[in-house]
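Reviewing the structure listed below.
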Amino acid sequence: MRDHTYEVRMDWTGNAGSGTASYQSYRRDFTIESAGKPLIAGSSDPAFHGDPTRYNPDELLVASLSSCHMLWYLHLCSVNEVVVLSYSDHATGAMKENPDGSGQFVSVRLNPKVTISHADALQRAEALHEEAHKLCFIARSVNFPVEVVPQIEVAAV
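Have a look at this one:
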């Protein structure tokens, strides 16, 4: 078994001059960086006084699940002779907010739309979504259900 370490730098950039002197006195803005990569501008969800033009942690969690599944799926297709021509996903996540202000994700649904090159690979292409889900590092790490509802099309000849 191999261990992997991931490092990011996260900086709060929302001090509007008086820090957190009051609930309204600060912005929820932050940046995320990792060596050699573009900066990600983040904030909280607009429902929690965040900037709607920035990514929020909730969206980033859903994006992590979606991209992890996609990367495993593409790998599995490449080694199982399924030629993927396009892949997109409109993923959605549901979070429940509790009366005390805490909350948790209760589900995420991935809706990958895949186009493959040949009809004879259709069954394999469908089965590989289940395998990708079993292998996805992020899906294996969360404590809520992640549903995968793929739509697979064969490219027009």
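For the sequence shown, position 81 matches number 1240 in the numbering used here, and the numbering has no gaps at all.
Note that the Cβ used here is the ideal one computed from N, Cα and C, for glycine as well.
DSSP places V1305 in the uninterrupted beta strand (DSSP E) bounded by 1305-1307.
Taking 8 Å as the cut-off, the beta carbon of N1270 is found closer than this to the beta carbon of D1248. Within the same chain, V1273, I1275, L1281, A1284, E1285 come within 7 Å of I1311 by CB-CB distance, once the 5 residues on both sides are set aside. The beta carbon of G1178 is closer than 8 Å to those of S1184, Y1185 in its chain, skipping five residues each way along the sequence. Remark: C-beta atoms of V1313 and A1278 approach each other more closely than 8 Å. The criterion of a C-beta distance shorter than 8 Å is not satisfied by L1230 and I1297.
Under the DSSP assignment, D1217 falls in the alpha helix (DSSP H) whose first and last residues are 1216-1238.
A straight-line Cα-Cα distance of about 39 Å links G1173 and K1293. Across the set E1192, Y1246, S1181, the C-alpha of E1192 shows the shortest separation from the C-alpha of Y1165. Here the alpha carbon of V1305 sits roughly 37 Å from the alpha carbon of S1181. Around the beta carbon of S1300, fewer than 16 other beta carbons sit within 10 angstroms, so the residue counts as exposed. A Cβ-Cβ separation of about 4 Å places Y1232 in contact with A1291 under the 8 Å criterion. DSSP places L1294 in the uninterrupted alpha helix (DSSP H) bounded by 1281-1294.
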